[in-house]
Structure formats: C-alpha cells, structure tokens
Amino acid sequence: EKVLLTGGTGFVASHVLDSLVTNGYPVVVTVRSEEKGQRLLKSLSSFAAPEQVRYAIIPDISTKNAFDDILTRHQRDEPFTYVIHTASPYQLSFADPINDCLNPAINGTTYLLDSIHRLCPFVKRVVITSSSAAILNPPNHREVYNESSWSEVTWEQAMQPEHTYRASKKFAEQAAWSFLRDNNPRFTIATINNTYTFGPLSRSLTNSAQFSSAEVNTSNRRIWDLIHGKWRDASSGEACIPSTAPVFTFVDVRDVADAHLAALTAPGQRYYTVGGFFSNYQIARIVEEEFGEVLGSEVLPELKGQEDDFEEGKHWKFDVSRSKKELGIRYRGLRESVRDTVVSMLEFEKGT
Ligand code: NDP
Numbered sequence: 016e017k018v019l020l021t022g023g024t025g026f027v028a029s030h031v032l033d034s035l036v037t038n039g040y041p042v043v044v045t046v047r048s049e050e051k052g053q054r055l056l057k058s059l060s061s062f063a064a065p066e067q068v069r070y071a072i073i074p075d076i077s078t079k080n081a082f083d084d085i086l087t088r089h090q091r092d093e094p095f096t097y098v099i100h101t102a103s104p105y106q107l108s109f110a111d112p113i114n115d116c117l118n119p120a121i122n123g124t125t126y127l128l129d130s131i132h133r134l135c136p137f138v139k140r141v142v143i144t145s146s147s148a149a150i151l152n153p154p155n156h157r158e159v160y161n162e163s164s165w166s167e168v169t170w171e172q173a174m175q176p177e178h179t180y181r182a183s184k185k186f187a188e189q190a191a192w193s194f195l196r197d198n199n200p201r202f203t204i205a206t207i208n209n210t211y212t213f214g215p216l217s218r219s220l221t222n223s224a225q226f227s228s229a230e231v232n233t234s235n236r237r238i239w240d241l242i243h244g245k246w247r248d249a250s251s252g253e254a255c256i257p258s259t260a261p262v263f264t265f266v267d268v269r270d271v272a273d274a275h276l277a278a279l280t281a282p283g284q285r286y287y288t289v290g291g292f293f294s295n296y297q298i299a300r301i302v303e304e305e306f307g308e309v310l311g312s313e314v315l316p317e318l319k320g321q322e323d324d325f326e327e328g329k330h331w332k333f334d335v336s337r338s339k340k341e342l343g344i345r346y347r348g349l350r351e352s353v354r355d356t357v358v359s360m361l362e363f364e365k366g367t
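So the number in the UniProt record's numbering is just where the residue sits in the sequence shown, counting from 1, plus 15.
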C-alpha cells in the first residue's frame, strides 16, 4: 500500500516518514529540489529498506497540475493507496501573504486533491496536516475547543502578518472539506489539527553536512534559542524569557506522526491533537533541571524571581478525546518532549 508524502523534508513530515518506514510502507516523498531529495535519501540509508523510499521533485505545490506527472507515472506502475499532505509554508511572517503563504497552502491543497480525483482511482484516504490554527479563535477563546471548533479569522485579517499563517491553515482546511462535498471523490479525507509541535530535529537535517541553524523549524526554534543563550541578557545573565502568548499548548511531533499513520485507516474526520499546556518559563525550568550542567551557567537564564506566564485555569481548555479514542494516541508530556528535542539538538551539534 504505497503512500505519497508531500513536503518530505519538513520537520513534521520527517517523523511521519520515519513512522511509515518503520511500519513497512513504500513511500514516495515530494521535495523541492534534487539536492534536498538526495539529502533525504542519504539520511535514510541505514534505516529504510533499499528502494522503500523514493523522491519526486515538485518545486512549488501552488503550481496548477504540479502533481499530475508523478501521479500518472506511479498510477501506471504501482498506484498509491494513501496520500499524506504536509507541505505548507510555516514561518512567523511573510513578505507577500498571498503568494508566499495563502496560495501555496490553499491552492496546494485543492490542486493536489483535484489531481488525485482525476488520476488516482485507487487512493482511499488523503490525510492533511491542518493545524490547531484552524480551530482556535484568539483572542475570543471558546471555553473548550474540540473538532467542532473553527477559527473565525477573516481574509482581511490574513493580510496582516501576524494572522497570515493561521488564516492559511483555516482556509486550506476549509477548501479541502469543500472539495470533498462538491466533487464527491472516491477517496475520503482526515485532517490532523496539531497544535504547536516540539520534538527531535528531522533526520535529513541532522544528517546533513550543509546544515544551517536557520533550517530549525519554526516551532522548535524557541528551544534552539534557549539553549543558545538567547533567553538571557548577555551582560547580566538575567532572564529575558519571551512571552508564551498566544500559544500555550504543545504536542510532540512523534505523537503527531502516529496520528497521521492511524488516520490513514481511521474514520475520515478532523483530529485535534494536543499533548498539554506549556509556557516558555516551564521549558526553561525543564532545560535547567535536565541540562543545566551540560549547558553551563553562561547559557541558561537565571530563573529565580521570574514569573511563569501560564496560569492554571486562565487559558482555554481542549478536548482531544477523539484522537485518543479513534487514533489511539497516548500523548507524551512536556518534559519528555523538551528533553528529547534538546538531546537531538546537542547530538547534532556534537556531530558537526
Ligand atoms: P517545515 O517548514 O519544516 O515544513 C514545511 C514543508 O513544506 C517543507 O518541506 C517545505 O519545503 C514545504 N513547502 C512549503 N511551501 C512549499 C511550496 N510552496 N511548495 C512545495 N513545498 C513547500 O514545517 P513543519 O514541519 O513544522 O510543518 C509541516 C506542516 O505541519 C505544515 O502544514 C504546518 O502548517 C503544519 N503544522 C505545523 C505545526 C508546528 O508547530 N510545527 C503545528 C501545526 C501544524 P522546503 O523546506 O523545501 O521549503
């Protein structure tokens, strides 16, 4: 049962790929360049069976019919049974909201679904990486969020940098569900609405000689910054812990990967995935307790006298019972997630 995985060089996708490989699926991964494809294959060399993972180059998913060639080619040979669509721009701000973010997110999703609909009669399920951004509605939070909740962000707000990314996720997910209603394809859809995601760096990053820290993905970057001295004042050593707002929930990327795999065969639904609450203060405390000696006193912020901006009961609540029940996810806690993230970063730096 062959799987097409889009955005294979990304952080979330690298863990989805690990799970697919471990579970024996043959996978075709889309990447944006030959160099990235080679780097990905190299990183898998001692892990995947020969030929189990292949790559196809799609430089930009927002190009109409971008997927036609690869879908047609594989349709003739061994057709895909499943598609997992993770590719989507994820940065804190975009110079051109429409072309850099909204179009790739929204059109990238509908063009992919359209190509599958026209060309791949054997695809049973498309799993789409959506986001809690399509669920949460800051600043007017619902008391309890679940899969029936939708962000109310508007297209006008999407033009403001702080809202562009979250709007892209909402409109892309809505476009997917609308495609399903309007076209009645043979395949069904499930979305994984993961919240802010931490976890070990991606395999292809940590195995690359050309690694640049700029490639650490957006959600892990705060942990990277913390262990590189950016949460303390250089001269006094005092904490300058960034505000945690607006995000106070996290999930471990390995749980997100498991959710994608389980969603290949679970009911075709939205699945909200959250491991728990967090704050930057709590991350700093965990890193101090677990890695204080290794990192040394010049790197971590002095926490005495600092306030945690997370207040129990002050924030929204989340109900992830569906992902626990239907996908079987048992969420990792913050300590495990932060610890393993830091270990992967330190191991990587040791190796370079
Ligand atoms: P990454 O930036 O690591 O991965 C994004 C992937 O999408 C990369 O492979 C990137 O390729 C690819 N991509 C982006 N734009 C295009 C495009 N126009 N054409 C082709 N490929 C493109 O981010 P994450 O792994 O964190 O995110 C993956 C998915 O998970 C996204 O859909 C994101 O919205 C979602 N998500 C992430 C969360 C998080 O906290 N990390 C939380 C909730 C959802 P390249 O690197 O080569 O540019």
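Every residue, glycine too, gets a C-beta built ideally from N, C-alpha and C.
>> Output needed for Val273: all residues of its chain with C-beta closer than 7 angstroms, excluding positions within five of it in sequence on either side, in chain order.
In response: A small fix is needed here, since residue 273 is Asp in this sequence, not Val. Cβ within range, chain order: Ser34 and Ile344.
> Is Asp323 near the ligand NDP, in the sense that its beta carbon is under 7 angstroms from a heavy atom of that ligand?
Replying inline: no
>> In chain order, what are the residue ranges of uninterrupted alpha helix (DSSP H) at least 4 long that sit wholly in the stretch 294-362?
In response: 295-310 and 336-342
> Hey, quick one: how far does the beta strand (DSSP E) through Arg285 stretch, first residue to last?
Replying inline: Arg285 to Thr288
> Taking the Cβ atom as the reference point for each residue, do Phe292 and Tyr211 lie within a distance shorter than 8 angstroms?
Replying inline: no
>> DSSP three-state label for Ala254, please.
In response: strand
> If Ala149 and Trp165 are in contact, beta carbons under 8 angstroms, what's the gap, nearest whole angstrom?
Replying inline: 7 angstroms
>> Measuring only from the beta carbon, is Phe26 closer than 7 angstroms to any heavy atom that is part of the ligand NDP?
In response: yes
>> Mapping the DSSP letters down to three states, classify Leu216 as helix, strand or coil.
In response: coil
>> Determine whether the beta carbon atoms of Asp324 and Gly290 lie at a separation below 8 angstroms.
In response: no
>> Out of Ile238, Ile113 and Val141, which one is the CA nearest neighbour of Ile301?
In response: Ile238
> For Leu241, which option in Ala28, Leu361, His89 and Thr280 has the closest C-alpha, if you only look at C-alpha atoms?
Replying inline: Leu361
> Nearest to Pro176 by CA position, among Cys116, Ala190, Val138 and Leu134, is which residue?
Replying inline: Cys116
>> For Ser61 and Ser294, what's the separation of their Cα atoms in angstroms?
In response: 37 angstroms
> Got a sec? Which residues, its chain only, sit under 6 angstroms from Ser359 by beta carbon, not counting five neighbours each side?
Replying inline: Pro215 and Leu216
>> I'd like the span of the beta strand (DSSP E) that includes Leu207, first residue to last.
In response: First, the amino acid is wrong: residue 207 is Ile here, not Leu. It spans Thr203 to Asn209 - the beta strand (DSSP E) in which Ile207 sits, taken as one unbroken run.
> Is there at least one non-hydrogen atom of the ligand NDP closer than 7 angstroms to the beta-carbon of Asn114?
Replying inline: no
> Curious, which full-length beta strand (DSSP E) runs of at least 3 residues does the stretch 133-158 contain?
Replying inline: 140-144
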